[in-house]
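Enquirer: The structure's right below; bear with me while I get my questions together.
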Amino acid sequence: MSVHQVLRMGDSLLKLVAKPIDNFTDPGLATLINDMWETMEVSQGVGLAAPQIGFSVRLIVLGFEENERYPDESVVPKQVLINPVIQPLSDEMEDGWEGCLSVPGMRGLVSRYTRIEYQAKNEFGEEIKGNAEGFHARVIQHELDHLDGILYPQRMKNLDYFGFDEELARSGLFSKQK
Ligand code: NI
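Its first residue numbered 50, the sequence shown is counted upward by one per residue in the working numbering.
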């Protein structure tokens with residue numbers, strides 16, 4: 050296993066539409082997934098998409114029990130989602146603060162669907178599906194965007210709510226402790 054460097058916004062690889070995975074017996078896939086978990090944990094991320102470490106394939110990992118960067122959010126189950134597809138369960142959307150390992154040190158307020166249904170393959174190529182809501186649904190939507198070359202600032206409607214972590218906290222717009 051190894052920790053990879055996370056590509057940052059501006060890197061052209063982050064703008065690509067990633068390719069589906071169809072070979073689930075390739076030992077390279079297991080290695081990539083392990084590397085993604087390790088890279089995500091070292092970076093204190095709550096999710097990571099393969100393109101963020103330079104692999105343009107439709108694979109995301111997410112989930113945590115406790116996270117320093119999002120201390121107020123409840124547990125998100127650990128999941129490997131390959132070739133994920135999502136469907137909103139209603140039109141309801143909510144605003145929430147997001148960060149991204151590819152946009153280090155910054156946060157932005159982004160509107161996302163509150164409840165979604167997802168369908169994907171797991172690391173063994175088995176079909177999985179489920180529902181997600183709140184922060185879990187937000188993380189899946191954020192990571193899935195990475196597979197389509199979209200970073201969260203591109204989803205923002207009001208750039209007044211975009212800035213550096215510490216400055217936002219100082220301004221009272223965003224508080225890590227709440
Ligand atoms: Ni991200």
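A virtual CB, placed ideally from N, CA and C, is assigned to each residue, including glycine.
All values derive from a computational prediction rather than experimental measurement.
Compute the beta-carbon to beta-carbon distance between L63 and G198, rounded to the nearest angstrom, for a pair I have assumed lies under 8 Å.
Expert: By one-based count along the sequence shown, residue 63 stands at place 14. By one-based count along the sequence shown, residue 198 stands at place 149. Contact flag correct, Cβ pair sits at about 7 Å.
Enquirer: Give me the Cα-Cα distance between G55 and S139, rounded to the nearest whole angstrom.
Expert: The residue you call residue 55 lines up with position 6 of the sequence shown. The residue you call residue 139 lines up with position 90 of the sequence shown. Reading off the sequence, residue 55 comes out as Val, not Gly. The alpha-carbon atoms of V55 and S139 are separated by roughly 33 Å.
Enquirer: Is H195 near the ligand NI, with its Cβ less than 7 Å from a heavy atom?
Expert: As a working mapping, residue 195 is identified with position 146 in the sequence shown. Correct: H195 has its Cβ closer than 7 Å to the ligand NI.
Enquirer: Going by DSSP, what residue range makes up the beta strand (DSSP E) through L97?
Expert: To locate residue 97, count along the sequence shown from 1; it is residue 48. Start and end: 96–98.
Enquirer: Could you give the distance in angstroms between the alpha-carbon of L97 and the alpha-carbon of E192?
Expert: As a working mapping, residue 97 is identified with position 48 in the sequence shown. As a working mapping, residue 192 is identified with position 143 in the sequence shown. Looking at the two C-alpha atoms, the distance is approximately 7 Å.
Enquirer: Per DSSP, what kind of secondary structure is K127 in: helix, strand or coil?
Expert: As a working mapping, residue 127 is identified with position 78 in the sequence shown. K127 falls in the strand class under three-state DSSP.
Enquirer: So what does DSSP say about K225, is it helix, strand or coil?
Expert: On the sequence shown, position 176 is the one that residue 225 refers to. Confidence at K225 is low in this model, with a pLDDT of 49, below 50, so its placement is unreliable and no value can be given for it.
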